[in-house]
Amino acid sequence: MTDATKSPPAFPAAKLFVNGEFVDPSDGATFDVVDPTTSAVCYRAPSASREDVERAVRAARKAFDEGKWATTSAASRAKIVRRFGEKLLERREAIALVETYENGKLYRDALAEDVSAAAGALQYFASLADKLTGETLPVRGDFLTYTLREPLGVVAAIVPWNFPLSLAAWKLGPALAAGNTVVLKPSELTPATAIMLAECARDAGIPAGVLNVVPGLGAVAGDALATHPDVDHVAFTGSTRTAKALLRASAESNLKTLSLELGGKSPQIILSDASLDEAVEACVWGIFSNKGEVCSAGSRVLVERSIYHWFVDRVAERAARIKLGDPRDPASEMGPMVSSRQLDNAMGFIARAIDGGARLVVGGERDESGANGAGYFLRPTVFADVRVGSELEQEEVFGPVLACVPFDSVDEAVRIANGVRYGLAAGVWTKDTARAHAIARRIRAGVVWLNTYDQFDTAAPFGGYKQSGWGRDLSPAAFDSYTQKKCVWTRL
Ligand code: NAD
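Going by this note's numbering, the first residue of the sequence shown is number 216, and it counts up by one from there.
This is the structure in structure tokens:
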């Protein structure tokens, strides 16, 4: 352990953040958060009721309709959102440690990929707040016609547990910078860091009602937001199944708009002329980083048949050496899965893949050496000869389970890559750059990495094709989900 991780974390008071104040849930309800490294309850989180969500939406509505957030200068909003990011950075170690207890991710990843990345996203969008412009339009006749780019109103941000802070910041950054007010609902598995986020927002001077945080259950607090007639937009990251429920709720309530970042079954295509050592490493960490609980995980590796066996063996050999362990220990390379449910779900996929004839090369079992035999550890798992069209080749496991498939031609590789309902990401490995670009054009996914994998930057848009979602997080394109255009005609 390091100095930063050897003491237990300081969890925040179990309060909701509504209208600028930390308050108890109306019915005093809580839910348990389990540390997946030890299977022990580490936090009792406040559980927002429908009534609490009602209060939060009312506060956000009032702050939007009657407050100054939407109408103040973009530069003033930018200053506060930038300070929000700074406050997060000031507490980065404390927040990262809580994240590690709730989620089981490596402390160093929580620090870099969650807290620091979240602060970076807030600061990036703050810097763009005063660069959102309208246009003057060359219309016929004697008119001055122009567009205004305006905020939508009240945004509900509903986020998952795998990157709780950075995914929240990807939404809060553009939503707040553009002048919206927000109600954030974190996952029931990782609520504490969202409360710490609220503390940072308060310390940064975000006005009352502009950001509200309501930890709670999906079926209660999430549904209350999804069906609420005064929520104008739902910014969602999570499963395709929940996204469909949100769409139904929108249809049955007020036709609120949605931006959706959903699941994936992303392929990495390995051609025989690739830099194979680098490709092996990228395939290993493309699936096993953050224990495979990554929406863009490269969960299918498609390999040209001439190098298929050699390549799969290399990946499996490296996977077998991954050191599972306490995520607080800097020597660990992979922590536990987030919950017993997620572990059981992955074990179910593994059992069915074996029954279906896929060849288990390495892993496939729970690992009890992680932390005193407790915890939800799953050995990095590699399957070979996975049948195209089988469950493991088609469906998202959201865990450390890799499916390897051979191919004979680029056409076949592209057909397999595109043959799933998802289209979030893909990787292509070849030294022939013209061929790499040609394949990139044929892949139906929102991001394609050529001779690299899992690169993210606030400047680069991220989002899915097909059932991986609608809209883009990050980059200036994110503002499209949080603003609308008003056209103003003036007779001259
Ligand atoms: P989930 O859909 O179960 O939950 C996501 C959020 O939705 C949680 O806050 C949950 O409480 C809430 N929710 C659940 N049911 C709801 C309902 N009926 N109404 C309103 N809200 C509800 O997903 P998860 O298990 O937390 O996250 C894993 C999924 O997220 C995976 O499919 C993964 O691929 C996806 N994901 C996508 C991205 C991306 O950027 N594309 C990033 C991370 C995770």
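Here a beta-carbon is modelled for each residue, glycine too, at the ideal position from N, C-alpha and C.
Query, Result
"Measuring alpha carbon to alpha carbon, tell me which of 663, 418, 420 and 467 ends up nearest residue 440.", "467"
"Measuring CA to CA, which of 235, 654, 577 and 392 is closest to residue 427?", "235"
"For residue 580, count neighbouring C-beta atoms within 10 Å of its own C-beta (all shown protein chains included) and say buried if the count is 16 or more, exposed if not.", "exposed"
"State yes or no: is the C-beta of residue 615 within less than 7 Å of the C-beta of residue 507?", "yes"
"For residue 479 and residue 613, I'd like the C-alpha separation in whole angstroms.", "9 Å"
"Between the segment 319-335 and the segment 283-295, are three or more C-beta pairs nearer than 8 Å?", "no"
"Within this structure, are the beta carbons of residue 240 and residue 261 separated by less than 7 Å?", "yes"
"Using the rule of at least 16 other Cβ atoms within 10 Å of the residue's Cβ for burial, across every protein chain shown, is residue 288 buried or exposed?", "exposed"
"With H, G and I counted as helix, E and B as strand and the rest as coil, what does DSSP make of residue 421?", "coil"
"Does DSSP put residue 671 in a helix, in a strand, or in coil?", "coil"
"Cα-Cα, which of 525, 268 and 408 is closest to residue 494?", "525"
"Mapping DSSP to helix, strand and coil, what is residue 469?", "coil"
"Exposed or buried, what is residue 221 when buried is set at 16 or more other beta-carbons lying within 10 Å of its beta-carbon?", "exposed"
"From the DSSP output, in three-state form, read off residue 427 for me.", "strand"
"Using only the heavy atoms of the ligand NAD, determine whether one of them is closer than 6 Å to the beta carbon of residue 661.", "no"
"For the segment 610-661, which segments carrying the beta strand (DSSP E) assignment without a break, of at least 3 residues, lie completely within its bounds, in sequence order?", "616-622 and 640-644"
"When you compare only the Cα positions, how much space is there between residue 357 and residue 680?", "42 Å"
"To the nearest angstrom, how far is the alpha carbon of residue 263 from that of residue 432?", "8 Å"
"Going along the chain, which residues of its own chain have a beta-carbon closer than 7 Å to the beta-carbon of residue 655, five neighbours each way excluded?", "643, 663 and 665"
"Below 8 Å, can you find three or more Cβ-Cβ pairs linking the segment 401-419 to the segment 369-387?", "yes"
"Using CA coordinates, which residue listed in 269, 258 and 668 is at the minimum distance from residue 443?", "269"
"In the structure shown, what three-state DSSP assignment does residue 723 receive?", "For the chain, the structure presents residues 216 to 707; residue 723 sits outside this window and is missing."
"Could you compute how far the alpha carbon of residue 678 sits from the alpha carbon of residue 567?", "30 Å"
"So if DSSP puts residue 699 in a beta bridge, which residue, or which two residues, is it bridged to?", "365"
"Buried or exposed, going by whether 16 or more other CB atoms sit within 10 Å of the CB of residue 630?", "exposed"
"Please report the Cβ distance between residue 516 and residue 415, rounded to the nearest whole angstrom; I am assuming they are in contact, meaning their Cβ atoms lie under 8 Å.", "About 39 Å separates the two Cβ atoms, so there is no contact after all."
"Is it buried or exposed, residue 510, if we count other Cβ atoms within 10 angstroms and call 16 or more buried?", "buried"
"Quick one: measure Cβ to Cβ for residue 451 and residue 474, integer angstroms, because I've assumed they're closer than 8 Å.", "7 Å"
"Output the boundary residues of the beta strand (DSSP E) element that contains residue 400.", "396-400"
"Spatial neighbours of residue 591 within its chain, please: CB distance less than 6 Å, with the 5 preceding and 5 following residues excluded, ordered by chain position.", "251, 551, 552, 555 and 558"
"Compute the Euclidean distance between the alpha carbons of residue 672 and residue 381, then round it to the nearest angstrom.", "12 Å"
"Does the segment 595-609 come close enough to the segment 527-541 to have 3 or more Cβ pairs within less than 8 Å?", "yes"
"Go to residue 577, then tell me how far its beta strand (DSSP E) extends in each direction, as first and last residue.", "574-577"
"According to DSSP, simplified to helix, strand and coil, what is residue 510?", "coil"
"Taking the alpha-carbon positions, what's the residue 583 to residue 540 distance?", "9 Å"
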